[in-house]
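Engineer: Under the numbering used here, think of the first position of the sequence shown as 248, with each following residue one higher.
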Amino acid sequence: MKSLAGLILALAVSAAFAADDAPQRITVGQRVSEGLPETVPAELAERLQRYQNTRRAVLADWSADGRSILIGTRFGNTQQVHRVRTPGGAREQLTFYDEPISEVVVNPQRDGFVFGKDTGGSEFWQLYWFDGATGDVRLLTDGKSRNEGSVFSGNGRLLAFSSTRRNGKDTDVWLRDLDGGEARPLVTKGGKGSWQAADFSADGKQLLVVEEISANESHPYVVDVAGGEPRPLLPATREPAAIGNLHFSADASRVYFTSDAGSEFQQLRVLEIASGKVTTLSASIPWDIETVALSRDGRHLAFVANEDGVSALHLLDLTDGKPLSLPAVPVGIIDALHFSPDGARLGFTLASATSPADVYSMELGGGTLTRWTESEIGGLDRSAFVSPELVRFPTFDKAAGKPRTIPAFYYRPKGDGPFPSVILIHGGPESQSRPTFNSDIQFLTSQLGVAVLVPNVRGSTGYGKTYLKLDNGFKREDSVRDIGALLDWIGTRSELDAKRVGVIGGSYGGYMVLAVMTHYSERLRAGVEIVGISNFNTFLANTEDYRRDLRRVEYGDERDSKMRAFFDKISPLNNAEKIQRPLFVAQGANDPRVPASEAEQIVQRVRGNGGTVWYLLQKDEGHGFQKKANRDFYTASTMQFWQKYLIGDAAH
248 MKSLAGLILA
258 LAVSAAFAAD
268 DAPQRITVGQ
278 RVSEGLPETV
288 PAELAERLQR
298 YQNTRRAVLA
308 DWSADGRSIL
318 IGTRFGNTQQ
328 VHRVRTPGGA
338 REQLTFYDEP
348 ISEVVVNPQR
358 DGFVFGKDTG
368 GSEFWQLYWF
378 DGATGDVRLL
388 TDGKSRNEGS
398 VFSGNGRLLA
408 FSSTRRNGKD
418 TDVWLRDLDG
428 GEARPLVTKG
438 GKGSWQAADF
448 SADGKQLLVV
458 EEISANESHP
468 YVVDVAGGEP
478 RPLLPATREP
488 AAIGNLHFSA
498 DASRVYFTSD
508 AGSEFQQLRV
518 LEIASGKVTT
528 LSASIPWDIE
538 TVALSRDGRH
548 LAFVANEDGV
558 SALHLLDLTD
568 GKPLSLPAVP
578 VGIIDALHFS
588 PDGARLGFTL
598 ASATSPADVY
608 SMELGGGTLT
618 RWTESEIGGL
628 DRSAFVSPEL
638 VRFPTFDKAA
648 GKPRTIPAFY
658 YRPKGDGPFP
668 SVILIHGGPE
678 SQSRPTFNSD
688 IQFLTSQLGV
698 AVLVPNVRGS
708 TGYGKTYLKL
718 DNGFKREDSV
728 RDIGALLDWI
738 GTRSELDAKR
748 VGVIGGSYGG
758 YMVLAVMTHY
768 SERLRAGVEI
778 VGISNFNTFL
788 ANTEDYRRDL
798 RRVEYGDERD
808 SKMRAFFDKI
818 SPLNNAEKIQ
828 RPLFVAQGAN
838 DPRVPASEAE
848 QIVQRVRGNG
858 GTVWYLLQKD
868 EGHGFQKKAN
878 RDFYTASTMQ
888 FWQKYLIGDA
898 AH
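1. Could you give the first and the last residue of the continuous alpha helix (DSSP H) run that contains Ile849?
2. Please report how far the alpha carbon of Leu258 lies from the alpha carbon of Glu677, in whole angstroms.
3. Assuming Leu481 contacts Pro467 (C-beta within less than 8 Å), just tell me the rounded distance between them.
4. Who are the near neighbours of Ala265 in its chain, counting only those whose CB is closer than 7 Å to its CB and skipping five residues on each side?
5. With 16 other CB atoms within 10 Å as the buried threshold, where does Ser634 fall?
6. Alpha carbon to alpha carbon, how far is Asp498 from Gly428?
7. Using CA coordinates, which residue listed in Ile581, Ile520, Leu637 and Gly437 is at the minimum distance from Asp796?
8. For Pro603, does the count of other Cβ atoms within 10 angstroms reach 16, so buried, or fall short, so exposed?
9. Got a sec? Which residues, its chain only, sit under 7 Å from Tyr862 by beta carbon, not counting five neighbours each side?
10. Contact defined as beta carbons within less than 8 Å: I believe Glu511 pairs with Thr713. What is the distance between those atoms, to the nearest angstrom?
11. Looking at Thr320: is its Cβ nearer than 8 Å to the Cβ of Glu346?
12. What does the alpha-carbon distance come out to for the pair Lys645 and Gly711?
13. Which same chain residues end up closer than 8 Å to Arg478 when comparing Cβ atoms and leaving out the 5 residues on each side of it in sequence?
14. Is the beta carbon of Lys364 less than 8 Å from the beta carbon of Trp372?
15. Determine the DSSP secondary structure at Asp879, reduced to helix, strand or coil.
16. Identify, in the order they occur along the chain, each residue of the same chain with its Cβ nearer than 6 Å to the Cβ of Arg303, setting aside the five sequence neighbours on each side.
17. Tell me the DSSP secondary structure of Val860 in three-state form.
18. Using a threshold of 7 Å, is the CB atom of Ala497 nearer than that to any non-hydrogen atom of the ligand GTP?
19. How many Å lie between Asn837 and Ser369 at the Cα?
20. Using a Cβ-Cβ cutoff of less than 6 Å, which residues in the same chain neighbour Asn782 once the five nearest sequence positions on both sides are dropped?
21. Is Ser261 buried or exposed, if buried means 16 or more other CB atoms sit within 10 Å of its CB?
22. Report buried or exposed for Gly803, applying the criterion of at least 16 other Cβ atoms within 10 angstroms of its Cβ.
23. Alpha carbon to alpha carbon, what distance is there between Leu433 and Trp442?
24. What runs of the beta strand (DSSP E), each 3 residues or longer, lie entirely inside the stretch 654-728?
25. Which same chain residues, not among the five before or five after Leu627, have their C-beta less than 6 Å away from its C-beta?
26. Does DSSP classify Ser808 as helix, strand or coil?
27. Could you tell me which of Arg294, Pro660, Pro355 and Val775 sits nearest to Trp309, measuring between CA atoms?
28. Are at least three pairs of beta-carbons, each pair with one atom in the stretch 328-348 and one in the stretch 804-815, less than 8 Å apart?
29. Starting from Ala540, trace the beta strand (DSSP E) both ways and give me its first and last residue.
30. According to DSSP, is His547 part of a helix, a strand, or is it coil?
31. Report the partner residues of Thr620 according to the DSSP bridge assignment.
32. Can you give me the C-alpha to C-alpha distance between Thr885 and Gly858, rounded to a whole angstrom?
33. In terms of DSSP beta bridges, what is His494 paired with?
34. What distance in whole Å lies between the Cβ atoms of Val539 and Leu518, which are believed to be in contact at a cut-off of 8 Å?
35. Could you name the residues of the same chain whose beta carbon sits closer than 6 Å to that of His494, not counting the 5 residues immediately before and after it, in chain order?
36. Are the beta-carbon atoms belonging to Val775 and Val727 less than 8 Å from one another?
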C-alpha cells in the first residue's frame with residue numbers, strides 16, 4: 248500500500264515550500280495545518296456544536312434468528328456495529344474501534360457477522376469474524392491486502408469476497424470456509440476489471456460474480472464453487488451494458504438482475520437460465536432501479552427506483568408476478584433492503600433532507616410500517632430544517648433539439664435575500680447528489696443565511712447512460728461549463744447575490760472546484776477543495792494500482808499522447824495562476840484514491856502565484872474525514888473560511 252509513502256511524499260513536498268513568506272505549519276496530534284485560524288471562536292463553536300452531534304443509523308441486516316437487527320451508527324468518534332432488539336429499543340454497541348467499520352454482513356445461520364476495518368483511511372480493509380455467542384473477533388484475511396464485498400452461502404459456512412491478495416493489483420474473488428482452512432482464490436481473471444461476488448445458489452454450489460469495467464460496462468458470470476472457469480451468464484452484446492444486483496432464485500433456475508442493455512436506465516430483469524430468455528420487470532418505470540432484495544424463500548422481490556433523486560419502493564409477489572400494496576413511506580432516500588429470515592418483514596434505511604438516516608421495517612401481510620431507530624438531531628428543531636427545491640437550469644448545449652437542462656437541489660434560507668450561495672459538487676464523477684440529511688448544509692442555510700445549490704452536472708448517474716457519458720474523455724470540461732451555466736442562473740435570481748458565490752466539492756468534486764476556479768475565478772468569492780485531483784496525469788501515476796485501469800476508462804488513458812496532452816491542457820495545476828480567489832484545501836495523508844501529493848502540489852503552485860490558501864492535512868485519514876473529531880475541526884474551519892471570504896460583513 249502507498250499510504251505511508253504518500254504521507255512521506257506529502258510532507259517532503261510541503262517542506263520544499265516552507266519559505267519565510269509561507270504560513271506557519273502547525274501540528275496538533277495527527278493534524279497539520281497552514282494558514283488556518285489556530286482556534287475556533289467560542290461563538291461559532293457553540294452554534295456548530297449541536298449540528299455536529301446529529302447522528303444516523305443504517306441497517307446492516309436482520310440477525311440470523313430474525314429477532315433483532317444490526318445497524319451502523321456512531322456514539323463515539325467512529326461508526327461502529329450496534330444491535331437493536333426491539334423497535335425503539337436501546338442500541339447495544341458490539342464493536343469498539345478507533346477506526347470506522349466499513350461493511351457488516353450477517354451470517355444467515357450463525358450468531359455472528361463479518362465486518363471490515365482499515366487503518367487510518369487507507370482502504371486496505373481486513374475482514375473479521377465477530378462471534379455473537381462469545382464476542383470474540385477473528386481475523387479472516389491476510390492483514391495486508393484490500394478486501395471487501397463479503398457474501399455468505401445459504402448455510403453460513405462459506406464466505407466469498409473480493410481481494411487484491413494475489414498480486415496487490417488485480418481484484419479477484421476469494422473463498423473462505425469459516426470452519427477452518429485457508430482462503431483460496433476462486434476467480435483470478437485479472438485484466439481491466441474488478442471482480443466482485445454477488446450471490447450463492449441455495450445449495451452453495453454456484454456463485455454469481457460480476458466483472459466491473461466501468462460505470463457503463465460490467466459482465467456477469469456464474470462459477471462453480473468447487474472450481475473452474477466462470478461461465479458468461481448473458482450472451483455478448485455489441486454495446487457494453489452496466490449490470491448489477493444479481494440474485495439467484497430459490498431454485499437457481501433464474502437470475503434477477505439490473506441492466507441498461509438496450510435502455511437508457513437500469514431496468515429490473517429476470518433470466519431463465521435454461522432457455523436464456525430475459526424478461527424486463529420494470530419496463531413501466533423510466534428511472535434507474537438501484538437496490539434489489541430477494542426473500543430467502545424466493546416468494547417476494549423488493550426494489551427501489553431512483554425517481555429524479557428520490558426513492559420509490561416496490562414489492563413484487565413472484566408467485567404471480569403482481570405488485571403488492573405497501574404502507575405509506577415518508578419521502579426520502581431508501582437503501583439497504585433486507586428481508587427478515589422468515590420473509591415476513593422487509594427492513595430498510597430511510598433518510599431525507601430534514602431527517603438523518605434511520606431504520607424501518609414493514610410487515611408484508613398487514614402492511615404496517617415500523618420505525619426501529621430515531622436518530623438524534625442534536626436537540627435542534629426539526630421543523631427549522633430546510634427542504635430543497637428541485638430546479639433545472641439551462642446549460643450551453645442542446646438535447647433532443649431543446650436547450651439541455653441540469654438538475655440541482657436548491658436549499659434556500661428563510662427571508663428575502665439577497666443571499667450569498669455555495670455550490671456543492673459531488674464526487675465520482677459516476678455519482679449523484681441526493682436530498683439526504685447534511686448538517687453542514689443545514690448550518691449554512693439556517694445559521695449563516697447562505698443558500699446552497701447542489702447540481703448533478705453531466706456525468707452524474709440517475710439520468711440515463713447518455714447523460715452519464717457526456718463528460719467522458721475529451722469532454723471532461725463540459726461538466727465545468729455546466730457550473731458556468733449555474734453561475735448564469737444565479738445571476739437571474741433576485742434572492743441570490745451573484746457577487747458572493749463559493750464552490751465546494753470532494754474527490755472528483757474537488758477537481759471540479761479547482762477547474763471552476765481556473766475558468767470562473769472572477770465570478771467567485773472562494774473555494775473549498777477536499778481530496779481533489781489537481782492534475783490527471785500525476786493522479787493516474789500515483790493512485791493505487793488496483794484503481795488505475797478503472798479510472799482510465801472514465802477519465803482517459805494518460806499513456807496515449809493526445810490524452811496526456813489534453814490532461815496537461817486542462818490541469819488546474821497547470822492553470823493555477825488563474826485561481827485568483829482564496830482556496831481551502833483539505834486532505835487525508837493516507838488517501839489511496841487521490842494521493843496527498845495532489846493537494847500538496849496545488850497548494851504550492853497557488854501560493855507561489857501569490858494566492859491565499861488554507862491547508863489542512865490529517866495524518867490519520869484517507870479519502871475524506873470519517874472520524875468525528877477530525878470532521879468537526881474541518882467543518883469549523885470551513886465555516887470560518889466562508890464567514891471571512893464569502894459572507895464578509897454580511898455575517899455580522
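All C-beta atoms, glycine included, are put in the ideal place defined by N, C-alpha and C.
These figures come from a predicted structure and were not determined experimentally.
Structural biologist: In short:
1. Start and end: Ala843 to Gly855.
2. Because Leu258 sits at a pLDDT of 48, beneath the cut-off of 50, its placement in the model cannot be relied upon, and the point is left open.
3. That belief holds up - the Cβ atoms of Leu481 and Pro467 are roughly 6 Å apart, short of 8 Å.
4. The predicted position of Ala265 is uncertain, since its pLDDT is 43 and thus under 50; no value can be drawn from it.
5. Exposed is the call here.
6. Computed Cα separation, rounded: 29 Å.
7. For the residues Ile581, Ile520, Leu637 and Gly437, the minimum Cα distance to Asp796 belongs to Gly437.
8. By the 10 Å Cβ count, Pro603 comes out buried.
9. Only Ser280, Glu281, Gly282, Val832 and Val850 meet the Cβ criterion.
10. That pair is a contact at about 6 Å.
11. Going by beta carbons, Thr320 and Glu346 fall outside the 8 Å limit.
12. So the two alpha carbons sit approximately 16 Å from each other.
13. The residues are Tyr468, Val469 and Val470.
14. In contact: Lys364 and Trp372 (Cβ atoms closer than 8 Å).
15. Taken through DSSP and simplified to helix, strand or coil, Asp879 comes out as helix.
16. Its chain contains Pro603, Ala604 and Ser622 as the residues whose beta carbon lies nearer than 6 Å to that of Arg303, once the 5 sequence neighbours on both sides are disregarded; these appear in chain order.
17. Val860: strand per DSSP, three-state reduction.
18. Ligands displayed in this structure: none; no statement on the ligand GTP is therefore possible.
19. Our two residues, Asn837 and Ser369, have alpha carbons roughly 5 Å apart in a direct line.
20. Shown here for Asn782: same chain residues with a beta carbon closer than 6 Å to its own, the five before and five after excluded, namely Ser818 and Leu820 in chain order.
21. Because the pLDDT of Ser261 is 47, which lies under 50, any placement of that residue in the model is unreliable, and the question is left without a value.
22. With 16 or more Cβ atoms within 10 Å of its Cβ, Gly803 is classed as buried.
23. Annotation: Trp442 to Leu433 spans about 10 Å, alpha carbon to alpha carbon.
24. Counting whole runs of 3 or more residues, the stretch 654-728 contains the beta strand (DSSP E) stretches 666-672 and 698-702.
25. Closer than 6 Å at the Cβ level, and outside the excluded window around Leu627, lie Arg297.
26. Reduced to three states, the DSSP call for Ser808 is helix.
27. Sorting Arg294, Pro660, Pro355 and Val775 by C-alpha distance to the C-alpha of Trp309 places Pro355 at the top.
28. The stretch 328-348 makes no contact with the stretch 804-815: fewer than 3 CB pairs, one atom from each, lie closer than 8 Å.
29. Note, Ala540: beta strand (DSSP E), Asp535 to Leu541.
30. Three-state result, His547: strand.
31. Thr620 is not bridged to any residue.
32. Computed Cα separation, rounded: 18 Å.
33. Answer is Tyr503, bridged to His494.
34. With a Cβ gap of about 14 Å, Leu518 and Val539 do not count as contacting.
35. Answer for His494: Asp446, Tyr503 and Leu541, listed in chain order.
36. Cβ distance not < 8 Å, so Val775 and Val727 don't count as in contact.
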